[in-house]
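Chains as they are written, first to last, in the working numbering: chain A, 1 to 328; chain B, 1001 to 1390. Below you'll find the structure, written out as structure tokens, and then a few comments.
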Amino acid sequence: MVRFLIKRLISLLVTLFAVSLVAFAIIQLPPGDFLTSYLTNIAADGQTASQQVVDRLRENYGLDQPVYVQYAKWMGNILSRGDFGQSFEWNRPVEEVLWSRMGMTLTLSIATLMLTWVIALPIGIYSAVKQYSPGDYLSTFIGFIGVAVPDFLISLVLMYIAFKYFNQSVGGLFSPEYENAAWSVSKVLDLLSHLWIPVIIIGLAGTASLIRVMRANLLDELRKPYVVAARARGLPERRVILKYPVRVALNPFISTAGWVLPGLVSGSIIVAVVLSLPTAGPLLLRSLLSQDMYLAGAFILLLSVLTMLGTLLSDLLLALVDPRIRYG
Amino acid sequence: MALEHNEPGGISSPEAAAPADVIMPRDTRILVASQWQLIWWRFRRHKLALFSAFILIVIYLIVLVAEFIAPYDPGDYSARYTYAPPQTLNLFDTRDGQLSFNSYVNDYTVEIDPQALRRTFVIDPETRIPVRFFVRGWSYKLFGLIETDIHLLGPENPRDRIFLLGADSIGRDVFSRMIYGTRVSMTIGLVGVLISLVLGIFLGGISGYFGAWIDNLIQRSIDFLRSLPTIPLWLGLAAALPLSWGPLQIYFAITIILSLIGWTALARVVRGRFLSLRTEDFVMAARLDGASQMRVIFEHMLPAFYSHIIASITLAIPGMILAETALSFLGLGLRPPVVSWGVLLQDAQNIRSVATAPWLLTPAIGVIVSVLALNFLGDGLRDAADPYSH
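What follows is the structure, encoded as structure tokens:
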């Protein structure tokens, strides 16, 4: 086990290096750099910047140096001082910009995740045990809708309904009067009254696919002889199902649970954009579009690290839960 | 059991069937049926998949003859009809107290809202615009070859305008645009899947067939690609497309970006199949016969799981359609003047426009129907792909 862990950690480091290269390449990909898009933007506002100012800015940001020097500086600062650089657009350190959004992002993602699991697992078990019952057909139907309808569309439709019939504003996570207010009981209540829409929308697709997977896994298990044997021995039905088949059917979940980690951070970008949520997703999109490269780079790096850590965690969890799995 | 059909509780094993002469022909038919025949028999029992296949055929027909079905050119605008609401197509006329076949739509009357100073359209039940089938309209080239100006339906007088699904912000016909959008949206997924398929089969095949270090190398690169967060990856790549590119270049760039997501999954499927087939007797036989390695892979092994590949492809297309829609919706994918469902939905991006013109959301129906149909079809194909299984 320890050897396995060490091996995995080493390969993790190698992959990390490759990922950092790719992250840097992605943020370098768009033609031009932050300054060009900055200049286009201010030109659109009818202003111009003199060549001198441009050159000074370029030097300040280190954009006049060759790419590999920029990369080395970037990585060097991260590794030595945990300094992810300065966000050009926000004119603040990248960490600060990131963390300012992280609280809301995590709240939203964790709320969604809990809801997804709490709803999907019982329904999945139900539709497997009662295969081809009306309830099973209903959940299959909802499942397919959840998979087929793009989430941003559901948000648009829900927004329309809330706007038209309930006269409620649904953008954002707070009513305007609480937006910049200090935390208080009423602010939390306001948050809760807004939180349910994004939670439902983001949760729907996840719930739908989770139900499908749970149902399929459990159906495979239920046909196995050990279930028949358990039943033949007179075990109560609830125990027959919950004790072993459900446990085994959970394995594929655990092996993909790690993928949840990066999702927690990026959130559902598109839904967040449509509903103008103050989460990390729109920030990432914005940083990519405006070529705020250190912010975007930090984001991609963070997400990749979380994906890899998540996969590792899943593997370890799987070993804990399923004693049949051994590591070579 | 896979082999019985049409008969509830039918007999499926040859031994049991032998005494009953009536059942004999069917069972012998099964014994000599080709694999594709068996797959078809299995597939057609999945009614939902069969129905989905029908829907998809209709959709792809629309792709082929979009110009014929669309009453207007998708770029055709008319500022007079900004946000005109949908008109209902009436097939029968009951005006004179008797039913007669006379298709028409009701015309609008325009009222100016004195407060908002906005034009509002009211459907006027008194006036009607006759609508005919196979009318002459704008001319186009069917299949890019045959010059014609016949359209499936349109106003009898070409100067009238009808909006079956309403009009958008500059008075373009949403119905025509949606029909045209089908073309791009339904093909972009195909091209993307094709690219990922080629990559997937080639790399997955090598990986599974040769094993050893090559397998290790390819598997590690798949792991690596999968450890990259997909959404930022697409967004980054899509944001990287130069603004100066033409619509066609963007289209291909987007398909390639989309296929980057797809090929790793397909490669895994193909590799798994190769690994399990590698030890089969027929592969050994081919090898002993002195067939070259490429021949063993492409002539002997690949045909053994064509059906699985088809099923995985069908299941991969919806993801691409959704990805295109999402990317275009965010303004990172296809851009006007290209007409795709995602581009059309961009008009419905904020609550204000959805509130004024909810019909701008109709292209979404295209997305939902096609994605659902492809999912059901894929499910049916996957079940039928291995007709020998339980």
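Every residue gets a Cβ at the ideal spot worked out from N, C-alpha and C, and that includes glycine.
Could you give the residue range of the alpha helix (DSSP H) that holds residue i?
i               : result
G1200 (chain B) : V1174 to F1210
D220 (chain A)  : V185 to L222
Y1072 (chain B) : Careful: Y1072 (chain B) lies outside any alpha helix (DSSP H) and carries neither H nor E.
P1086 (chain B) : Premise fails: P1086 (chain B) is in no alpha helix (DSSP H) and is neither H nor E.
G103 (chain A)  : V94 to V129
M1320 (chain B) : Y1306 to F1329
D151 (chain A)  : D151 to Y165
I145 (chain A)  : P134 to A148
W74 (chain A)   : V67 to R81
S287 (chain A)  : A280 to L289
G310 (chain A)  : M293 to V321
S20 (chain A)   : V2 to Q28
A1240 (chain B) : That residue, A1240 (chain B), is in no alpha helix (DSSP H); it is neither H nor E in DSSP.
D1281 (chain B) : D1281 to L1288
Y226 (chain A)  : P225 to A232
F1054 (chain B) : K1047 to L1064
R1042 (chain B) : Q1035 to F1043
A272 (chain A)  : I269 to V274
If you compare alpha carbons, which of the options is closest to residue i?
i               : options                               : result
V129 (chain A)  : A:G203, A:A319, A:A208 and A:E221     : A:E221
L218 (chain A)  : A:G234, A:N251 and A:L108             : A:N251
P225 (chain A)  : A:R215, A:P236 and A:P245             : A:P245
I270 (chain A)  : B:A1326, B:L1302, B:I1254 and B:Y1180 : B:A1326
I1296 (chain B) : B:R1183, B:I1214 and B:M1284          : At residue 1296 (chain B) the sequence reads Val, which differs from the Ile that was named. Comparing Cα positions, the closest option is B:M1284.
S1328 (chain B) : B:I1055, B:A1311 and B:W1234          : B:W1234
Y1140 (chain B) : B:G1192, B:T1356 and B:I1069          : B:I1069
I1059 (chain B) : B:W1138, B:D1383 and B:L1372          : B:L1372
V1135 (chain B) : B:T1148, B:R1128, B:K1047 and B:L1142 : B:T1148
D1076 (chain B) : B:L1152, B:V1174, B:V1131 and B:T1088 : B:V1174
I125 (chain A)  : A:P278, A:G234, A:R212 and A:L283     : A:R212
D136 (chain A)  : A:A208, A:Q65 and A:F17               : A:A208
Q131 (chain A)  : A:M214, A:P282 and A:R247             : A:M214
N332 (chain A)  : A:L158, A:S287 and A:L121             : Residue numbering for chain A in the displayed model covers 1 to 328; residue 332 (chain A) lies beyond these limits and cannot be assessed.
T1088 (chain B) : B:D1383, B:F1376, B:G1380 and B:W1359 : B:W1359
Q291 (chain A)  : A:Q86, A:A319, A:V2 and A:L318        : A:Q86
L289 (chain A)  : A:Q28, A:L121, A:S184 and A:F166      : A:Q28
F144 (chain A)  : A:A319, A:L210, A:F163 and A:I200     : A:L210
P1071 (chain B) : B:L1164, B:F1121, B:V1063 and B:W1041 : B:L1164
P1155 (chain B) : B:S1169, B:Y1104, B:I1201 and B:F1252 : B:Y1104
A1079 (chain B) : B:R1119, B:S1052 and B:A1053          : B:R1119
Can you tell me where the beta strand (DSSP E) with residue i in it begins and where it stops?
i               : result
E1147 (chain B) : I1146 to P1155
According to DSSP, simplified to helix, strand and coil, what is residue i?
i               : result
Y244 (chain A)  : coil
W1341 (chain B) : helix
P1358 (chain B) : helix
R1136 (chain B) : strand
E1126 (chain B) : strand
D1383 (chain B) : helix
N91 (chain A)   : coil
A1267 (chain B) : helix
D1223 (chain B) : helix
Q86 (chain A)   : strand
Say yes only if the C-beta of residue i is nearer than 7 Å to one or more non-hydrogen atoms of the ligand ADP, and no if none qualify.
i              : result
P150 (chain A) : As far as ligands go, the structure on display features none, and thus does not contain the ligand ADP.
Here's a check: name, in chain order, each residue in its chain whose Cβ is nearer than 6 Å to the Cβ of residue i, leaving out the five neighbours to either side.
i               : result
D1021 (chain B) : Model confidence at D1021 (chain B) stands at a pLDDT of 46, short of 50, so the residue's coordinates are unreliable and nothing is read from them.
V19 (chain A)   : S304
A1323 (chain B) : L1258
G1380 (chain B) : F1043, H1046 and A1049
I1188 (chain B) : T1255 and E1324
Could you pull out every residue in the same chain whose Cβ sits closer than 8 Å to the Cβ of residue i, ignoring the five residues on either side in sequence?
i               : result
R8 (chain A)    : L312 and D315
P1337 (chain B) : G1075 and P1247
G1009 (chain B) : Only weak support is given to the placement of G1009 (chain B): the predicted model assigns it a pLDDT of 39, under 50, and the value that follows is read from those uncertain coordinates. Closer than 8 Å at the Cβ level, and outside the excluded window around G1009 (chain B), lies no residue.
L1056 (chain B) : S1370, A1373, L1374 and L1377
Apart from the five residues on each side of it in sequence, which residues of its chain come closer than 7 Å, Cβ to Cβ, to residue i?
i               : result
D202 (chain A)  : Reading the sequence as shown, one finds Ile at residue 202 (chain A) and not Asp. Result list for I202 (chain A): T112, D151, S268 and V271, in chain order.
D1107 (chain B) : D1124, T1127, R1128 and I1129
I26 (chain A)   : I300
G1378 (chain B) : A1311, T1314 and L1315
For residue i, return the contacting residues in chain D, with the cut-off set at a CB-CB distance below 8 Å.
i               : result
F1051 (chain B) : In the structure shown, chain D cannot be found, because the protein chains are A and B.
Pairing CB atoms from the stretch 310-317 of chain A with CB atoms from the stretch 93-109 of chain A, are three or more of them under 8 Å? no
If contact is defined by three or more beta carbon pairs under 8 Å, each pair taking one atom from either stretch, is the stretch 1181-1197 of chain B in contact with the stretch 1263-1278 of chain B? Under the Cβ criterion (8 Å, minimum of three pairs), the stretch 1263-1278 of chain B counts as touching the stretch 1181-1197 of chain B.
Check whether the stretch 1197-1216 of chain B touches the stretch 1327-1347 of chain B, counting contact only when three or more Cβ pairs, one atom from each stretch, lie closer than 8 Å. no
The stretch 1359-1370 of chain B in contact with the stretch 186-204 of chain A per 3-pair CB rule at 8 Å: no
Taking 8 Å as the threshold, find out whether the stretch 1341-1348 of chain B comes into contact with the stretch 1174-1185 of chain B through three or more Cβ pairs. yes
Just checking, does the stretch 1165-1180 of chain B make contact with the stretch 1063-1080 of chain B on the three C-beta pairs under 8 Å criterion? yes
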